[in-house]
Structures are given as structure tokens and as C-alpha cells.
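Only one structure is covered here, and it is reproduced in the block below.
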Amino acid sequence: MNNRSAANTVLPILACLSMTIAACSFDYGPGEGEDDPSEPDLAMTGVEYVRVRDGSPVVRIQAEAVERFELKQSMSVHQFRFAQYPGEGPETGAVGAASSAVVDLESGDVELSGSVRIFVEDEDLSIETDSLSWKDGSRMLLGGDSVPVLIKRKDGSVFSGTGFGADARRRTWEFAGGASGTYISDDDEDEPGTVP
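When we follow the working numbering, the leftmost residue of the sequence shown carries the number 509, and every step to the right adds one.
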């Protein structure tokens, strides 16, 4: 099962998250004693980031808390929410949320976990799962071999499966571990063997 539009909309948002959070950096100089890798070097609460292009918002990222760990080169984001705006005006192209996100500052990879929900407005498509991984180098969004991913459309189509993968370069998605569900065709033509 492939879908080009959903991958085209959602994947740039996760790439923007990895670039945005990786861009935050403060150097307080050498501290006293040994660095504790379990303690964040930077902690922020009530974070909101808006990326603007030509005077209009492109993406809005919000989080209840963000912690940056220099030694581990990672950032933890708590209660992550985003909205992507496809053009001028307040209409969103996609919205989503996750309980947490961990960003690898060196690679740009992002691990989303806990009630991951993404809704692509123009496709009436939602993605629901417990975890997703964004691999920035390969431009892939992965659900894991044994992690169930549910995809729903407002037309009644529903798919659930494992081994979810979306390729931003090819703009496709699939379930490598198998899937089941119902597909509602929006074609106006009757297919052979069907009753109108």
C-alpha cells in the first residue's frame, strides 16, 4: 500500500523538528566537577517555535518541556505538538502530537513515542501508533517491525499493520510486516463484478 501525499506532508515536519531543535545551543563554559549525563545542560518549559516564510507561518512546534543533553548529543521534548501550514492563512495542512520525542542532535533522527497522532488535512488521513522513528539521513519514517500502526481516512478506509515505513524521497508508504483493513474506492466507475 503506497500513499504519496501523506508522506509528502508529514515527513518535512519531522525534518523541521530535528533541524529546529538541533539549532538551539548555549555554551556556558566549563562547569565545576564532572558533568552528569543524566542532568540536562539546558531546560526550557512552555516552548513554542514558529517558522515563517514570506511573512506567513510554515510550521508551529510546541512542547511543554525541552531538555538538551550535550554529552549525549540529544534533546528530549515532552508533550510535543505541531501544525504545518501549506499556504497563507490559518488553515493547517497537517497537525500532530506525541507524548515525547527524542532528537539525536548529530544525525537529526527523531524518535516519537506515546500516543503518536498525525492528521493530514488535505488527505483526510490520520496515522496513530505508540511510536515512530524519523531517520533523517535516509528520509524515512518507520513504525518498527512489531509496532502496530493504524491509518484511517474519513471515507471509511482503515488499515492496520506492522512494519510501517514512509519514504520521503519516493513519497510512498507501506506496511512491510503485513496489513489488514478496508479500502473505500472513490472511483466513480463501476468495477466488473460489483453491484452499483
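Beta carbons: idealized from backbone N, C-alpha and C, even for Gly.
According to the DSSP assignment, P548 belongs to no beta strand (DSSP E), since it is labelled neither H nor E.
For D630, the secondary structure class from DSSP, reduced to helix, strand or coil, is helix. Taking one beta carbon from each stretch, the region 667 to 674 and the region 638 to 650 have 3 or more pairs nearer than 8 Å; the two touch. Nearest C-alpha to P598 among G664, E629, V666, F577: E629.
The DSSP-derived three-state label of T670 is coil. A direct Cα-Cα distance of roughly 22 Å separates E575 from R625. Comparing C-alpha distances from G563 to each of S646, S621, G595 shows the shortest one belongs to G595.
If you ignore the 5 residues before and after V555, its C-beta comes within less than 6 Å of the C-beta of A571, V574, all in its own chain and listed in chain order. The C-beta separation of F627 from V603 comes to about 5 Å, placing the pair in contact by the 8 Å criterion. Sixteen is the threshold: when 16 or more other Cβ atoms of the shown chains lie within 10 Å of the Cβ of L620, as they do, the residue is buried. Around the CB of I692, fewer than 16 other CB atoms lie within 10 Å, so the residue is classed as exposed. Our two residues, S668 and K662, have alpha carbons roughly 15 Å apart in a direct line. Inclusion of T690 and V666 in the CB contact set at 8 Å is warranted, their separation being smaller than that value.
G622 has its alpha-carbon roughly 21 Å from the corresponding atom of P548. Take R589, set aside five residues on each side of it, and the residues of its chain with a beta-carbon closer than 6 Å to its own are Q570, A605, in chain order.
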